[in-house]
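Here's the structure we're looking at; comments come further down.
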Amino acid sequence: MGIRRLESWIRPYRARVALMIVGDVTALVVGMIVPLVIAAAIDGSVARDDVAALWTNVVILLVLLLVQSAAFAFRFVPTAHAAQLNRELRTGLFDRLLRQPPAYHHRTGAGQAVARLVGDVEQIGFWYSNTSAFLISTIVSLLAATVMMVAIQPILGAVAVLALSPLTWVVWRARQRMGTAITEARRCAGELATASEESAVGVRVWKGVGGGPAVRARFDRLSRLARDAQIVVVDRMASNLGVTQGYPMLVLAGLIVAGIALVARGSLSVGDLVAFAAYYSRIQFPLVMLGVNLAGLQVAAVAADRLGDVFDTDGEIRSPDRPVAFPAHDGLSLRFDDVHFAYPGTEHPVLHGVELQIEPGEVLALVGATGSGKSTLLSLVNRLADPSAGRVLIDGVDVRDLEPTELRAHVGVAFEEAVLFSTSVADNLHAGRTRTTDVEVGEVLSVVQADFVHDLPDGANTIVGERGQTLSGGQRQRLALGRTLLGGSRILLLDDPTSALDVRTEEALLKRLRQTVAGSTVLLTARRPTTAMLADRVAVLQEGRVVAVGTHEELLRGSAEYRRVMIADDNRPTRELAAGHDQNEDNAHPADETEVAR
Numbered sequence: 126m127g128i129r130r131l132e133s134w135i136r137p138y139r140a141r142v143a144l145m146i147v148g149d150v151t152a153l154v155v156g157m158i159v160p161l162v163i164a165a166a167i168d169g170s171v172a173r174d175d176v177a178a179l180w181t182n183v184v185i186l187l188v189l190l191l192v193q194s195a196a197f198a199f200r201f202v203p204t205a206h207a208a209q210l211n212r213e214l215r216t217g218l219f220d221r222l223l224r225q226p227p228a229y230h231h232r233t234g235a236g237q238a239v240a241r242l243v244g245d246v247e248q249i250g251f252w253y254s255n256t257s258a259f260l261i262s263t264i265v266s267l268l269a270a271t272v273m274m275v276a277i278q279p280i281l282g283a284v285a286v287l288a289l290s291p292l293t294w295v296v297w298r299a300r301q302r303m304g305t306a307i308t309e310a311r312r313c314a315g316e317l318a319t320a321s322e323e324s325a326v327g328v329r330v331w332k333g334v335g336g337g338p339a340v341r342a343r344f345d346r347l348s349r350l351a352r353d354a355q356i357v358v359v360d361r362m363a364s365n366l367g368v369t370q371g372y373p374m375l376v377l378a379g380l381i382v383a384g385i386a387l388v389a390r391g392s393l394s395v396g397d398l399v400a401f402a403a404y405y406s407r408i409q410f411p412l413v414m415l416g417v418n419l420a421g422l423q424v425a426a427v428a429a430d431r432l433g434d435v436f437d438t439d440g441e442i443r444s445p446d447r448p449v450a451f452p453a454h455d456g457l458s459l460r461f462d463d464v465h466f467a468y469p470g471t472e473h474p475v476l477h478g479v480e481l482q483i484e485p486g487e488v489l490a491l492v493g494a495t496g497s498g499k500s501t502l503l504s505l506v507n508r509l510a511d512p513s514a515g516r517v518l519i520d521g522v523d524v525r526d527l528e529p530t531e532l533r534a535h536v537g538v539a540f541e542e543a544v545l546f547s548t549s550v551a552d553n554l555h556a557g558r559t560r561t562t563d564v565e566v567g568e569v570l571s572v573v574q575a576d577f578v579h580d581l582p583d584g585a586n587t588i589v590g591e592r593g594q595t596l597s598g599g600q601r602q603r604l605a606l607g608r609t610l611l612g613g614s615r616i617l618l619l620d621d622p623t624s625a626l627d628v629r630t631e632e633a634l635l636k637r638l639r640q641t642v643a644g645s646t647v648l649l650t651a652r653r654p655t656t657a658m659l660a661d662r663v664a665v666l667q668e669g670r671v672v673a674v675g676t677h678e679e680l681l682r683g684s685a686e687y688r689r690v691m692i693a694d695d696n697r698p699t700r701e702l703a704a705g706h707d708q709n710e711d712n713a714h715p716a717d718e719t720e721v722a723r
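Residue numbers (my numbering): 126 to 723.
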């Protein structure tokens, strides 16, 4: 499979590869003539002391060597294009990775993606520029040299072929063993890259908890595994080269002894023996190179299979054949119609028959215990995942009928995990969209209570570092929320957008946020009463099912699950809630949930 992929990827470059093969074969043919000229010189001009003829032979040899050198130059034609092949592969792979759903990246890890983008792509480029055409010329060289040896001395030629035949099996077997070792080495390299990335990103965490020894131990263990796997590759390659180099030398020694005996009997001339030895050396070196080339081919094939794992993964969210235009008017409704969802490869659904209607301009909060499906439900709106069954409708249009790029341009998302990029505050706020004015940026910063930006060394042009690590968690979360608001989306998905904020900052932000999102349809998750009170209505999720819908006050009176979640997730109102609703808790029964839900 990997070899077929390599062939398909270099197909656009076949003209350049053909040019290299022509140059290589030309050099090979010229090289095959050289021993004949040398043999003629030894048996003719040298034997007869014909100096003029000897100089003629020397001139012929010089011309042949010049032609051979010029032909060899074509070998390096693909080298200049290997970088272009690498670029095209890397761009295609990166585009494919961007199209994969979050579940794919959670499953494979960032380190494996980096290993594929860098190491595996480079291996294929190296094979293309250094091995692809050489493999063909190596085989041609073996066949041509064999024919010439048999033509010079059939018996010696046949003995040489029979003696070297076992090497064919050795080389093929070595290729198979190399494939297993290389696959394991690349896998270990990917795991090591993942550990390195996680250790660098989580440096504050493991330093804060004193986890340095554990992090070092894990890295050391993975580093040893990667080293051992690479040593296996080198050992197998070295043992292969040892056999392909050492054994032919022993055969050559025996052939020379036999050849000297033939010369002594007059059955073979000295010149022919020299030519025979020269052709034999042209078998020995290609045999060595055949092992190297097959090893290089195996490395590239393994790399191609690893890239193919990404290209063949059918988990991306696909565009519809005939996409529907996103509704152009303001005031969009959002509906979940009997939505079910289970993550790929899992047996237990996360969502069960969710029915919710969010009216145009309404703010609906989702409340539930950890693992109840709140964030998953949000992810279905902008198609980070698609429902296993049921529909998600925006103004009556199934989101699967919308072009994903257009859908996400109109649906703003603020995740609980506030991820910033290693660029300026302003660039993080714009996130690749058309840049807005400084006034608009200032208004958004004011809404999300991010006045701290003005105190940064370069204001909004300050570089925030990788993942925004130079900022606090609350500051990152406010900027991530500002990024969402700056997009001016008519539908907003806010996943617990104030979880990292202190009470005072949260209250000020929520007050401004309620004014800012007026007219937009908002679906948010909430853990605190202050966030839930921002909403017009609240839906309570329990084990992936909607068990109650109502206002904050209605649910406090009628939903035991809502009161339990609010008390469990916010210690601040515990006494107030418990004191004010003990009676309701005592009298609560399943009918309460059904009565409130609507």
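All C-beta atoms, glycine included, are put in the ideal place defined by N, C-alpha and C.
Keep in mind the model is a prediction, meaning the values are calculated, not measured.
Three or more beta-carbon pairs drawn from the region 488-495 and the region 643-661 are found closer than 8 Å, and the two stretches are therefore classed as touching.
By the criterion of at least three beta-carbon pairs nearer than 8 Å, the region 579-588 is not in contact with the region 612-623.
From the listed residues 189, 552, 452 and 380, the smallest Cα separation to residue 609 is found for 552.
At the C-beta level, residue 626 and residue 493 stay beyond 7 Å of one another.
Unbroken alpha helix (DSSP H) runs of no fewer than 4 residues, entirely contained in the region 621-706, are found at 628-641, 654-657, 677-683 and 685-694, following chain order.
By the neighbour-count criterion, in which a residue is buried when 16 or more other Cβ atoms sit within 10 angstroms of its Cβ, residue 436 is exposed. Residue 465 carries a strand assignment under DSSP once its states are collapsed to helix, strand and coil. Secondary structure at residue 490: strand, using DSSP grouped into helix, strand and coil.
One thing to note: residue 635 has its Cβ no nearer than 7 Å to the Cβ of residue 574. Listed in chain order, the non-local C-beta contacts of residue 424 below 6 Å within the same chain comprise 248 and 307, local neighbours out to five positions each way being set aside. Distance check between residue 669 and each of 393, 375, 466 and 314 places 466 closest, using alpha-carbon atoms only. It is roughly 25 Å from the alpha-carbon of residue 282 to the alpha-carbon of residue 186. Between residue 288 and residue 376, the C-beta spacing is below 7 Å.
Contact annotation: the region 213-224 does not touch the region 290-300, with fewer than three C-beta pairs closer than 8 Å. In the displayed model, residue 523 falls within a strand according to three-state DSSP. Within the same chain, 445 and 449 come within 6 Å of residue 526 by CB-CB distance, once the 5 residues on both sides are set aside. Annotation for residue 391: no alpha helix (DSSP H) segment contains it, and DSSP assigns it neither H nor E. Taking a cut-off of 8 Å on C-beta distances, the region 398-409 touches the region 265-275, as three or more cross pairs fall below it.
Inter-residue distance for residue 341 and residue 629 is about 40 Å (C-alpha atoms, whole angstroms). Burial is judged here by how many other beta carbons sit within 10 angstroms of a residue's own beta carbon; residue 379 has fewer than 16 and is exposed. DSSP lists 462 as the bridge partner or partners of residue 516. In the DSSP assignment, residue 605 falls within the alpha helix (DSSP H) that extends over 598-611. Relative to the Cα of residue 135, the nearest Cα in the group 183, 241 and 246 belongs to 246. Between the alpha carbons of residue 521 and residue 582 lies a distance of about 48 Å.
For the 7 Å CB-CB criterion, residue 572 and residue 637 form a contact. Going by DSSP, residue 476 is part of the beta strand (DSSP E) stretching over 476-483.
Residue pairing by DSSP places residue 617 opposite 537 and 647 in a beta bridge.
Per DSSP, the unbroken alpha helix (DSSP H) holding residue 283 starts and ends at 279-289. A direct Cα-Cα distance of roughly 11 Å separates residue 276 from residue 400.
A residue is called buried when at least 16 other Cβ atoms come within 10 angstroms of its Cβ; residue 538 meets this threshold and is buried. Rounded to whole angstroms, residue 210 and residue 547 show a C-alpha spacing of 28 Å. The bridge partners DSSP lists for residue 549 are 588. Beta-bridge partners of residue 265 (DSSP): none assigned. Collapsing the DSSP output to three states places residue 449 in a strand. Burial check for residue 374: the Cβ neighbour count within 10 Å stays below 16, so the residue is exposed.
It is roughly 40 Å from the alpha-carbon of residue 541 to the alpha-carbon of residue 208.
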